[in-house]
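Offset between the sequence shown (1-based) and the working numbering: plus 47. For glycine and all other residues, C-beta sits at the position ideal for the given N, C-alpha and C. What follows is a short report on a single structure.
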Amino acid sequence: MHPVHQVIEDLESSYQWLRNSLRDNNIARVGTYSKKEPLMLVIHDESHRKIAGLYGYQSLGVFFIDLLWVDPAFRSKGLGARLLKAAEDHAKKHHVLYVRLETASFQSPDFYIKHGYEVFAKLPLLIEGEEQHYNYYLIKYLKLQ
48 MHPVHQVIED LESSYQWLRN SLRDNNIARV GTYSKKEPLM LVIHDESHRK
98 IAGLYGYQSL GVFFIDLLWV DPAFRSKGLG ARLLKAAEDH AKKHHVLYVR
148 LETASFQSPD FYIKHGYEVF AKLPLLIEGE EQHYNYYLIK YLKLQ
C-alpha cells in the first residue's frame, strides 16, 4: 500500500505537478482545453488612486468573477454596478454562456441578486466566534447577441 504524505516543503512545485497532470488528463479526454483568459477592470478617482476593481476570467465558456471590491468611501455610488456590467459585456462579446461567482453572507450577496444573479447553492461557513455565515454561489445566464 502506498502511504499518503502531507507536503509542507516544496508546496509550489507539488501544486504545479498536480495542476499540470490534471490539465493533461483533461486535454486527453476532451481535446482543446480552454485556458483562463483574465480580465482586470479598475476605476480610479480624480487623483488616479485605485478605488474599485474587478478581476475575473473566462474558461470553458464560463466567466468567473473572482474578486470585486469598492473602497468604502465610494460605495453606493454605482461603481460596483459599472464594474459588473463591464465584465458581463466583455463576457457577452466572447460568447460566454453565463457568469458565475461566490460571495459570503458578510459580503454582498444582495448586490448580485439585485443585478440579476440567482443563488444556486448556499453552504455554511464555520467561523469560530461568529454568528452563522454562509457562502453563496451565484449564476447569471447571459443573452448572447
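As summarised for the region 48-98, the continuous alpha helix (DSSP H) elements at least 4 residues long and confined to that stretch are 58-77, given in chain order. In this structure, the straight-line span from the alpha carbon of Tyr-164 to that of Met-87 is close to 20 Å. Distance from the CA of Leu-126 to the CA of Gly-103, rounded to the nearest whole angstrom, comes to 16 Å.
Straight-line spacing of the CA atoms in Val-166 and Gly-108 works out to 19 Å. Assignment of Leu-144 by DSSP, reduced to helix, strand and coil, places it in the coil class. In the structure shown, the three-state DSSP call for Gly-176 is coil. Secondary structure of Phe-158 (DSSP, three-state): helix. In the DSSP annotation of this structure, Leu-107 is not part of any beta strand (DSSP E), being labelled neither H nor E. Ranked by Cα distance from His-91, the first of Pro-85, Phe-121, Pro-171 and Asn-72 is Phe-121. In the displayed model, Gly-125 falls within coil according to three-state DSSP, outside both helix and strand. In the three-state DSSP reduction, Lys-190 falls in the coil class, being neither helix nor strand. Leu-189 sits away from Lys-132, with the two beta carbons spaced by 7 Å or more.
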